[in-house]
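Those sequence lines, one after another, are chains L and D.
If you count by my numbering, then the first sequence holds residues 13 to 718, one letter each, in order.
If you count by my numbering, then the second sequence holds residues 1007 to 1340, one letter each, in order.
All residues carry an ideal CB built from backbone N, CA and C; glycine is no exception.
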Amino acid sequence: MTDPFVSPQRANRRARQRLDRLASGAIAASGIGVVAAVLAIGVYLTLAVLPLFEDASVEVDAEPSPATSGASIVWLAEDGEYWLSANGRVFDAQGEVTTLTDEPRVTTVTEASETLPLAVGLDNGEVSVVPRDARGQPRWSQATRWRLFASAPVAALHLQSTTHGWALAGRDADGQVAALWHDGGTARRIALPDRAEHLALGREGHLVMSQGTRLTSWKLSPDGSVAPSARAETAAPITALAFLQGSRTLVVGDAEGGLRRWRQRPDDQGWQAAETPYAALGEAPVRRLLALPRQRLWLALDADGRLGLYQAMSGQRWQGVAPEASLPVTLSSDARGNRVRWLSETGRLYRLAVEAPHAAVSTATLWMPQTYEGYASDEWRWAAAASGDAEPKYSLVPLAWGTLKAAAWAMVFAVPLALGAAVHSACYMSTRQRARLKPAIELMEALPGVVIGFVAGLLVAPFVEQHLAGTLALFICVPLGSVACGWLWRRLPARWEARLPPVGVGVGLIVPLALLCWAALSVSPWLEAWWFGGDLRAWMQQTLGWDYAQRNALIVGMAMGLAVIPTLYSLAEEALSGVPRSLAEGSLALGATRAQTLWRVQLPAAAPGILAAVMIGAGRAVGETMIVLMATGNTPLMSPSLFEGLRSLAANLAIELPEAAVGGTHYRLLLLGALLLFVFTFVVNTLAEVVRWRLKRRYRRYGARA
Amino acid sequence: MKALMNAIRTSRPGALGRCVAVLLGTLLLPMLAMATPLSGTLGSIGSDTLGGLMIQWGERLTARHPQVRLQVQASGSGTAPPALAEGVTRFGAMSRPMTEAERGEFIARQGYPPVAVPVALDALTLFVHRDNPLDSLSRAQVEALFADTRFCGHAPSIERWGDLGVDAPGWASRGIVRFGRNTASGSHALFKQEALCGGDFRRDVNEVPGSSAVVAAVGRSREAIGYAGLGYPTAMVKVVALRDDRGTPRLPTHDNVVSGRYPLTRPLYLYVNLAPGESLPPLERAFFDLVLSPEGQAVVARQGFVPLPESRLASARRALRLPPLADVTQSSSN
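So this is what it looks like as structure tokens:
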């Protein structure tokens, strides 16, 4: 039998122990869960970012398949491979599709692209142009014939779209060049007065030809005329030419194996070679350049059978050996640019798979200035959401700059205010006053960033723009005015103070300050008229060269400063009030004044804690999204100016992530930005916590309650 | 006799029943099918410019078919292609045509290209503050105002209103504040393509989410210029005419937009995930039937955009295998 008096107690204790174990288990589990969640975010971001830095590759199918007999040209469409034989028959995987031509034999064909018509060069000097339907399928029955040369076979052909139709340029075996400009109904033939070994045709009739070391460019016009636009000389004879997407970059390969990028000059006056050539494949002449339709990639093949994959900005991404040493009869890619077909002289067909989804990204393109199309000098640029043929610009520097700039200006506003408030409430206020003030300031933290951003962007920004002189006057008047008021208050006879109610100190400061603000705002227009010719902004622009943008770092500094103040204040206040009383009391007892005690004893003792507060505040400012998004114009500038806008990593993420194709380069770069933010705030906060923890341990040594 | 009676007795109800069933079948079933109300929720993701139109069309669709709802998520044209490719939505609103890359992404996921249905015409409009004396701009000036690159013309960069020939007192030396749409918007992409010839925006063009926000920002700042869609003018701003090749200023009026004389004109699209040879599911069919009808196009006009001309309307209906317009007006008038 159990003892009726002991048993319930024991059972109770067991229950309590069980409950205690359960509680500590649950607490530990949630703690571990939080850490695991944070780690999981980091791991996810890292995994999403890693593919950006994977190596590009070009895989050659081990087994070449013998091409259909007599095939001379092969290309890839959305629905599979097509061959065109020299006798004018078109095949697909199932067999013969149609007969394009019976009599003249096929000599060449333009590189396939889904959106352009297909042009086929014939051995009687004619070309046959096959339009495509909306799905990119050639409409064989609607092929039209045009005469390019009197009788000589067409040796090379290039076709490009124009505003109303297409233009094509061809060369015969002797180097004679002729072009056709098609405008809706008819095509005009344009004969060029110069011979050429290599041709490249760009958008809107930009034709580039090379003969030896001479590079000439021409402008074809719809009315059938042609005008030379520029000429240039290269060091070594040119052996291959190719336009990249958008036709504003030309890749030139030469007889010494050199590969160089030529940019259209910003003023459209001809072409300009890049200063540094790309890494060469070898010493042998470059024989073939195949521009892949996406990502500004191209394949280069030299006479020794070396094959390389290049990207316009990041340079060589892959180098390997060509499937056969001899030159291919045709080399063509599909519209996505990741499958390439190589038809060798011996009639074998190799399939090449280009794996370079993020070839445009390298450490240099992310962090170093680059010369982009249309610019005269090296620049840091972020324009990743490029549409059409525009060149994407993937520099993270302007965004990192904007992030740090916004955070820095926010700290400039927040640190003096928050630290002043913290010092005052920790060292000067009575416990009762502090108990009221602290929650009030901390309540500010509950203000959503969107609201602050909205007020800053739509109310404060236009106000400051209209009253710029007044606002700047306030920044000078308020700090000076506070000091002056404090000094005056000291000078007042003591009996006045006795007569005023206890809140008088506050009133004594606030009323004159409010008067001062009002005076500064109302006097500033006259000051502006007197000193700055009535327009401070125009004066700043003319005298100092400062631009003023309505949404600028000043606005974001004020708004984000406001958002950071509660964090800063509450941490700094904690650090200051944690300084053991014995230290301050000892200092006062030795005859130091309150100010001396503050400067020499309390602040140095709390300095690590205050530093930690500033670090955590900066971490918050760096990660803040909505305020920056709404209060700045999101302009990715790189100026330190207080009066110009910025674009931060976080705001950029919010703006661009919805439009980025999942898994694409742009998407992964945005996540790289997120990872950078994550790492930054993680490191800063961890450091700050370490500092605070060590400080607490030090205080404990002085016997204070930690 | 008895047997006969039995036969009649047994067969009669059967025959009658069969007759009734056949009658019911022939008469009622189509009626039942017609009476089965369309129900469900349609989702659309995409252009902010089209957002207002989509909501209006959604309301009208609900008026026609009370159990159909349209959910519109309008956060920028750039959001439509990923959503379409992933199969999150069956159609997406875009204020610009899909780029090759976006189209390729769709084809890679779905195996066929999406169908682009033009639903209205829009023009990008340039706004200045109502006090600004500027009336018209040439294309080269627009590029010089907004771009760092010179892909269209070679005008020197414009920093002050005086550079544009505005010589009213107090204006010539004033700086210019530029506003534009955020990168996810079709307006941004189209302005880049058409007005800047594919060049780059100046980095100090403020990016604002939402066309009305652009207009609001321009209305609040005397030095500002900005571009947005057509349907957003307010009393605070003035529309700037664009000069065509001959120097004639063209305002984005109905006639100038339809005829294409106003240079920055664009169709607004709905992109549909429609496999070749398939026809639209009933819900989508009802929606497009509404959008591409005179009623739907009246909404377009009321929202400040320009309705599609008859010919484009007809070809859009043909592409979606909707009945030609004449039949629609008859059946809806019946």
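| Closer than 9 Å at the beta carbon, the chain D residues around residue 235 of chain L | Here the premise fails: no neighbours, minimum Cβ distance about 15 Å.
| request: Note down, in chain order, each residue of its chain lying with its Cβ closer than 7 Å to the Cβ of residue 1014 of chain D, except the 5 sequence neighbours on either side. | output: A caution first: residue 1014 of chain D carries a pLDDT of 43, below 50, which makes its placement in the model unreliable, though a value can still be read off. Answer for residue 1014 of chain D: no residue qualifies.
| Going by beta carbon distance, what residues of the same chain come within less than 7 Å of residue 1078 of chain D, once the five residues before and after it are set aside? | Cβ-Cβ distances below 7 Å link residue 1078 of chain D to 1050, 1057, 1060, 1061, 1064 in the same chain, with the five nearest sequence neighbours on each side left out; the list follows chain order.
| query | Does residue 1138 of chain D come within less than 7 Å of chain L when only Cβ atoms are used? | reply | For residue 1138 of chain D, the answer is no, since every Cβ of chain L falls outside 7 Å of its Cβ.
| query | Would residue 1305 of chain D pass as a contact of residue 1097 of chain D if the rule is Cβ separation under 7 Å? | reply | The answer is no: Cβ separation not under 7 Å.
| message | Is there a C-beta anywhere in chain D that falls below 7 Å from the one on residue 420 of chain L? | response | Taking Cβ atoms only, chain D never reaches closer than 7 Å to residue 420 of chain L, which makes this a no.
| task | Pull up the distance between the alpha-carbon of residue 1037 of chain D and that of residue 1043 of chain D, whole angstroms please. | result | The predicted model places residue 1037 of chain D with a pLDDT of 47, which falls under 50 and marks its position as unreliable, so this point remains unresolved.
| said: Comparing C-alpha positions only, which one of L:647, L:75, L:427 sits nearest to residue 629 of chain L? | reply: Nearest C-alpha to residue 629 of chain L: L:427.
| task | Output, in chain order, the set of chain L residues within a Cβ distance shorter than 7 Å of residue 1111 of chain D. | result | Those are 673, listed as they occur along chain L.
| request: Compute the distance between the beta-carbons of residue 1091 of chain D and residue 1276 of chain D, then report whether it is under 7 Å. | output: Note that the C-beta distance between residue 1091 of chain D and residue 1276 of chain D is not below 7 Å.
| Between the Cα of residue 704 of chain L and the Cα atoms of L:668, L:617, L:639, which residue gives the shortest distance? | Measuring from the Cα of residue 704 of chain L, the nearest candidate turns out to be L:617.
| 8 Å Cβ shell around residue 1322 of chain D - same chain, five flanking residues per side excluded | Cβ neighbours of residue 1322 of chain D beyond the five flanking positions: 1123, 1124, 1125, 1298, 1314.
| task | Give every residue of the same chain whose Cβ lies closer than 6 Å to the Cβ of residue 185 of chain L, excluding the five residues on either side of it in the sequence, and list them in chain order. | result | Closer than 6 Å at Cβ, skipping near neighbours: 167.
| request: Answer with buried or exposed for residue 577 of chain L, where buried requires no fewer than 16 other C-beta atoms within 10 angstroms of its C-beta. | output: Counting C-beta atoms within 10 angstroms of its own C-beta, residue 577 of chain L has 16 or more neighbours from the protein chains shown and is therefore classed as buried.
| Which two residues bound the contiguous alpha helix (DSSP H) that contains residue 1060 of chain D? | Boundaries of the alpha helix (DSSP H) harbouring residue 1060 of chain D: 1057–1070, taken from the DSSP string.
| Helix, strand or coil: how does DSSP classify residue 390 of chain L here? | In the displayed model, residue 390 of chain L falls within coil according to three-state DSSP, outside both helix and strand.
| said: Nearer than 6 Å: is that true of the beta carbon of residue 1327 of chain D relative to any heavy atom of the ligand MN? | reply: Of ligands this structure carries none, so the ligand MN is not represented either.
| task | Take residue 462 of chain L as the anchor and find which of L:575, L:68, L:409 has the nearest alpha-carbon. | result | With distances taken between Cα atoms, residue 462 of chain L lies closest to L:575.
| Reduced DSSP secondary structure (H/G/I, E/B, other) of residue 1231 of chain D | Reduced to three states, the DSSP call for residue 1231 of chain D is strand.
| Which residue's Cα is closest to the Cα of residue 1272 of chain D: D:1258, D:1282, D:1178, D:1281? | Residue D:1258 is the option with its Cα nearest to residue 1272 of chain D.
| Using the rule of at least 16 other Cβ atoms within 10 Å of the residue's Cβ for burial, across every protein chain shown, is residue 39 of chain L buried or exposed? | Looking at its Cβ environment, which holds fewer than 16 other Cβ atoms inside 10 Å, residue 39 of chain L is exposed.
| message | With DSSP as the reference, identify every bridge partner of residue 1238 of chain D, one or two as the case may be. | response | BP columns for residue 1238 of chain D are empty, so no partner.
| task | Check the Cβ of residue 1226 of chain D against every Cβ in chain L and list those closer than 7 Å, keeping chain order. | result | Residues of chain L with a Cβ closer than 7 Å to the Cβ of residue 1226 of chain D are, in chain order, 474.
| task | Report the three-state DSSP secondary structure of residue 290 of chain L (helix, strand or coil). | result | If DSSP states are grouped into helix, strand and coil, residue 290 of chain L belongs with coil.
| task | Answer yes or no: do residue 86 of chain L and residue 95 of chain L have a C-beta to C-beta separation smaller than 7 Å? | result | Yes, these two residues count as a Cβ contact at 7 Å.
| message | What are the residues in the region 548–566 of chain L lying within 8 Å of chain D by C-beta distance? | response | Those residues of the region 548–566 of chain L placed with their C-beta closer than 8 Å to a C-beta in chain D are 549, 550, 553, 554, 559, 560, 561, 562, 563, ordered along the chain.
| request: Determine, using beta carbons only, whether residue 254 of chain L and residue 301 of chain L come nearer to each other than 7 Å. | output: In this structure, residue 301 of chain L lies closer than 7 Å to residue 254 of chain L by Cβ.
| task | Flag residue 348 of chain L as yes if its beta-carbon sits less than 7 Å from any beta-carbon of chain D, otherwise no. | result | Yes, residue 348 of chain L counts as interfacial toward chain D.
| field | Selection of the region 1222–1250 of chain D by Cβ proximity to chain L, strictly under 7 Å | value | For the region 1222–1250 of chain D, the set of residues with a beta-carbon nearer than 7 Å to any beta-carbon of chain L comprises 1226, 1227, in chain order.
| request: Just the C-alpha distance for residue 490 of chain L and residue 525 of chain L, rounded to the nearest angstrom, thanks. | output: Rounded to the nearest whole angstrom, the C-alpha separation of residue 490 of chain L and residue 525 of chain L is 7 Å.
| query | Apart from the five residues on each side of it in sequence, which residues of its chain come closer than 6 Å, Cβ to Cβ, to residue 745 of chain L? | reply | This structure leaves residue 745 of chain L out entirely; chain L is present only between 13 and 718.
| residue 367 of chain L CB to nearest chain D CB: under 7 Å? | Output row for residue 367 of chain L: interface = no.
| request: Return the residue from the list L:633, L:453, L:316, L:343 that minimises the CA-CA distance to residue 420 of chain L. | output: Proximity to residue 420 of chain L across L:633, L:453, L:316, L:343 peaks at L:633, based on C-alpha coordinates.
| query | If we ignore side chains and look at the alpha-carbon of each, how far apart do residue 449 of chain L and residue 584 of chain L end up? | reply | Rounded to the nearest angstrom, the gap between the Cα atoms of residue 449 of chain L and residue 584 of chain L is 14 Å.
| Any C-beta of chain D under 7 Å from that of residue 371 of chain L | With 7 Å as the cut-off, residue 371 of chain L does not count as an interface residue toward chain D.
| field | residue 622 of chain L, DSSP secondary structure in three states | value | In the three-state reduction of the DSSP assignment, residue 622 of chain L falls in the helix class, which pools H, G and I.
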